[in-house]
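J.: Please see the structure below; I have some questions.
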Amino acid sequence: MLPCWVDDLEAWATAEQLEPGVWLRTSTGTRVQVSAVRSWTGQDRTVHNLTVANLHTFYVLAGDTALLVHNANGCGVWKSGFDALPKGRQPHVKKMSSVAEMRGAFDKWTAGAQRLPARGPKIPDVYKLADGTVIQWRTASRSGGETIDIFPVTGKGMKVHLPDGQ
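So the sequence shown is numbered by the working numbering: it starts at 704 and just counts up by one.
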(Lines of atoms letter the chains of each structure in order from A; the text may use other names.)
(Lines give C-alpha, C1' and ligand atoms only; values in the text may rest on other atoms or scores of the structure.)
Protein backbone atom coordinates (compact mmCIF):
# COMPACT_ATOMS: atom_id res chain seq x y z
CA MET A 704 0.00 0.00 0.00
CA LEU A 705 1.48 3.35 -1.02
CA PRO A 706 1.36 6.02 1.67
CA CYS A 707 0.15 9.49 0.65
CA TRP A 708 1.47 12.82 1.94
CA VAL A 709 -1.10 14.49 4.23
CA ASP A 710 -0.42 18.23 4.40
CA ASP A 711 -2.36 18.86 7.61
CA LEU A 712 -0.41 16.17 9.48
CA GLU A 713 2.90 16.88 7.72
CA ALA A 714 3.26 13.10 7.58
CA TRP A 715 2.70 10.04 5.39
CA ALA A 716 -0.52 8.06 5.82
CA THR A 717 -1.76 4.85 4.24
CA ALA A 718 -5.14 4.74 2.51
CA GLU A 719 -6.66 2.94 5.50
CA GLN A 720 -5.58 5.87 7.73
CA LEU A 721 -7.20 8.50 5.50
CA GLU A 722 -10.56 10.00 6.37
CA PRO A 723 -12.95 12.16 4.36
CA GLY A 724 -11.92 15.80 4.62
CA VAL A 725 -8.15 15.16 4.74
CA TRP A 726 -6.10 17.21 2.27
CA LEU A 727 -3.44 15.60 0.02
CA ARG A 728 -0.75 17.32 -2.05
CA THR A 729 -0.75 17.09 -5.86
CA SER A 730 2.22 17.23 -8.25
CA THR A 731 1.60 20.93 -8.86
CA GLY A 732 1.62 21.72 -5.15
CA THR A 733 -2.13 22.30 -4.95
CA ARG A 734 -4.23 20.43 -2.47
CA VAL A 735 -7.09 17.98 -3.03
CA GLN A 736 -9.55 16.83 -0.41
CA VAL A 737 -10.43 13.18 0.22
CA SER A 738 -14.17 12.84 -0.31
CA ALA A 739 -14.58 9.17 0.63
CA VAL A 740 -12.60 6.15 1.76
CA ARG A 741 -13.91 2.66 1.03
CA SER A 742 -12.59 -0.70 2.10
CA TRP A 743 -13.67 -4.19 1.18
CA THR A 744 -13.33 -7.43 3.08
CA GLY A 745 -14.20 -11.02 2.30
CA GLN A 746 -13.66 -10.79 -1.45
CA ASP A 747 -10.63 -11.94 -3.39
CA ARG A 748 -9.30 -9.02 -5.40
CA THR A 749 -6.17 -8.45 -7.40
CA VAL A 750 -4.20 -5.48 -6.11
CA HIS A 751 -1.05 -3.94 -7.46
CA ASN A 752 1.68 -2.57 -5.22
CA LEU A 753 4.10 -0.27 -6.97
CA THR A 754 7.76 0.30 -6.19
CA VAL A 755 9.68 2.81 -8.28
CA ALA A 756 13.41 2.08 -8.47
CA ASN A 757 15.77 4.81 -7.24
CA LEU A 758 12.91 7.05 -6.09
CA HIS A 759 11.49 7.36 -2.63
CA THR A 760 8.68 9.77 -3.53
CA PHE A 761 6.72 10.07 -6.76
CA TYR A 762 3.27 10.97 -8.07
CA VAL A 763 0.43 8.61 -9.03
CA LEU A 764 -2.75 9.53 -10.85
CA ALA A 765 -6.11 9.39 -9.13
CA GLY A 766 -8.38 10.16 -12.05
CA ASP A 767 -6.87 13.32 -13.52
CA THR A 768 -5.08 14.36 -10.31
CA ALA A 769 -1.48 13.43 -9.48
CA LEU A 770 -0.94 12.61 -5.78
CA LEU A 771 2.39 12.52 -3.94
CA VAL A 772 3.16 9.01 -2.59
CA HIS A 773 6.27 7.13 -1.52
CA ASN A 774 7.72 3.66 -1.73
CA ALA A 775 6.64 1.85 1.40
CA ASN A 776 9.84 -0.16 1.42
CA GLY A 777 11.91 3.01 1.81
CA CYS A 778 11.03 3.35 5.48
CA GLY A 779 13.63 1.83 7.72
CA VAL A 780 16.28 1.75 4.98
CA TRP A 781 18.71 3.49 7.30
CA LYS A 782 18.23 0.87 10.04
CA SER A 783 19.10 -2.15 7.91
CA GLY A 784 22.01 -0.25 6.36
CA PHE A 785 23.26 0.88 9.76
CA ASP A 786 22.95 -2.60 11.28
CA ALA A 787 25.02 -4.11 8.45
CA LEU A 788 28.01 -1.79 9.02
CA PRO A 789 31.19 -2.78 10.89
CA LYS A 790 31.07 -1.99 14.59
CA GLY A 791 32.85 0.97 16.08
CA ARG A 792 34.36 1.21 19.55
CA GLN A 793 30.95 1.70 21.15
CA PRO A 794 27.71 -0.23 20.50
CA HIS A 795 25.90 2.81 19.04
CA VAL A 796 28.76 3.63 16.62
CA LYS A 797 29.40 2.10 13.19
CA LYS A 798 32.20 2.69 10.68
CA MET A 799 32.50 3.32 6.95
CA SER A 800 35.72 3.34 4.97
CA SER A 801 35.41 6.66 3.12
CA VAL A 802 33.60 9.99 3.10
CA ALA A 803 32.17 9.08 -0.33
CA GLU A 804 30.70 5.86 1.09
CA MET A 805 29.25 7.80 4.03
CA ARG A 806 27.75 10.45 1.76
CA GLY A 807 26.18 7.78 -0.45
CA ALA A 808 24.56 6.13 2.57
CA PHE A 809 23.42 9.49 3.96
CA ASP A 810 21.81 10.44 0.65
CA LYS A 811 20.09 7.04 0.39
CA TRP A 812 18.86 7.10 3.98
CA THR A 813 17.44 10.64 3.68
CA ALA A 814 15.95 10.37 0.16
CA GLY A 815 12.46 11.84 0.21
CA ALA A 816 12.75 13.02 3.82
CA GLN A 817 11.80 16.47 5.07
CA ARG A 818 14.78 18.82 5.03
CA LEU A 819 15.16 20.77 8.27
CA PRO A 820 17.17 23.96 8.80
CA ALA A 821 20.94 23.61 9.22
CA ARG A 822 22.15 23.48 12.82
CA GLY A 823 25.12 25.71 12.11
CA PRO A 824 28.10 25.49 9.75
CA LYS A 825 29.25 22.12 11.12
CA ILE A 826 25.79 20.53 10.69
CA PRO A 827 24.60 21.72 7.27
CA ASP A 828 22.31 18.80 6.35
CA VAL A 829 19.47 17.74 8.64
CA TYR A 830 16.51 15.56 7.61
CA LYS A 831 13.43 14.20 9.35
CA LEU A 832 12.15 10.85 8.09
CA ALA A 833 8.48 9.88 7.90
CA ASP A 834 8.81 7.85 11.13
CA GLY A 835 10.22 10.88 12.99
CA THR A 836 13.87 9.76 12.90
CA VAL A 837 16.27 12.69 12.40
CA ILE A 838 19.47 12.09 10.42
CA GLN A 839 22.13 14.78 10.18
CA TRP A 840 25.54 15.24 8.54
CA ARG A 841 28.34 16.74 10.64
CA THR A 842 31.43 18.08 8.89
CA ALA A 843 33.58 17.53 11.99
CA SER A 844 33.36 15.64 15.26
CA ARG A 845 35.44 14.74 18.29
CA SER A 846 36.38 11.54 16.48
CA GLY A 847 38.06 13.76 13.91
CA GLY A 848 36.03 13.64 10.73
CA GLU A 849 32.65 13.71 9.08
CA THR A 850 29.89 11.95 10.99
CA ILE A 851 26.34 10.83 10.32
CA ASP A 852 24.19 11.27 13.44
CA ILE A 853 20.93 9.29 13.67
CA PHE A 854 18.31 10.15 16.28
CA PRO A 855 15.39 7.67 16.26
CA VAL A 856 12.15 8.71 17.92
CA THR A 857 12.78 6.12 20.63
CA GLY A 858 16.09 4.79 21.84
CA LYS A 859 19.63 6.09 21.93
CA GLY A 860 21.22 8.14 19.18
CA MET A 861 23.61 6.40 16.81
CA LYS A 862 26.42 7.55 14.57
CA VAL A 863 28.58 6.53 11.65
CA HIS A 864 32.12 7.81 11.12
CA LEU A 865 35.46 6.94 9.58
CA PRO A 866 37.73 4.53 11.45
CA ASP A 867 40.02 6.41 13.83
CA GLY A 868 38.75 9.77 12.59
CA GLN A 869 40.44 9.52 9.16
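We put the CB at the ideal spot given by N, CA and C, even for glycine. Computed from a prediction, not measured in an experiment: that's the story for all the values here.
Per DSSP, Lys798 is paired with what?
T.: Its beta-bridge partners are His864.
J.: On the DSSP bridge list, what partners appear for Gln839?
T.: According to DSSP, Gln839 bridges with Val829, Asp852.
J.: Straight-line CA distance for Arg822 to Ser844?
T.: Each residue's Cα considered, the two are about 14 angstroms apart.
J.: Indicate whether Leu771 and Arg728 have their beta-carbon atoms separated by less than 8 angstroms.
T.: In contact: Leu771 and Arg728 (Cβ atoms closer than 8 angstroms).
J.: Tell me the rounded alpha-carbon separation between Ala769 and Val725.
T.: Using only the alpha carbons, I get a separation of about 16 angstroms.
J.: Under a three-way DSSP split, which group does Lys782 fall into?
T.: Residue state, collapsed to three classes: helix.
J.: Lys782: which of Met861, Leu865, Pro866 sits nearest, CA to CA?
T.: Here the closest residue by C-alpha is Met861.
J.: Is Gln720 near the ligand ATP, with its Cβ less than 7 angstroms from a heavy atom?
T.: The ligand ATP is not part of this structure, which contains no ligands at all.
J.: For Phe809, which residues in the same chain have their Cβ closer than 8 angstroms to its Cβ, ignoring the five residues on either side in sequence?
T.: These residues qualify, in order along the chain: Asp828, Ile838, Trp840, Ile851.
J.: According to DSSP, is Ala821 part of a helix, a strand, or is it coil?
T.: Ala821 falls in the coil class under three-state DSSP.
J.: Following the continuous beta strand (DSSP E) through Val735, name the residue where it begins and the one where it ends.
T.: Its beta strand (DSSP E) spans residues 734-736.
J.: Judging by CA-CA distance, which residue of Ser846, Glu719, Thr733 is the nearest neighbour of Asp710?
T.: The candidate whose alpha carbon is nearest that of Asp710 is Thr733.
J.: With a Cβ-Cβ cutoff of 8 angstroms, do Val740 and Glu722 count as a contact?
T.: Result yes, Cβ atoms of Val740 and Glu722 sit closer than 8 angstroms.
J.: Less than 8 angstroms between the beta carbons of Lys811 and Leu819, yes or no?
T.: No, these two residues do not count as a Cβ contact at 8 angstroms.
J.: Measuring CB to CB, does Pro707 end up less than 8 angstroms from Ala714?
T.: Note that residue 707 is Cys in the sequence shown here, rather than Pro. Going by C-beta atoms, Cys707 is not nearer than 8 angstroms to Ala714.
J.: On the criterion of 16 or more Cβ atoms from any shown chain inside 10 Å, does Thr836 qualify as buried, or is it exposed?
T.: It is buried - the Cβ of Thr836 has at least 16 other Cβ atoms within 10 Å.
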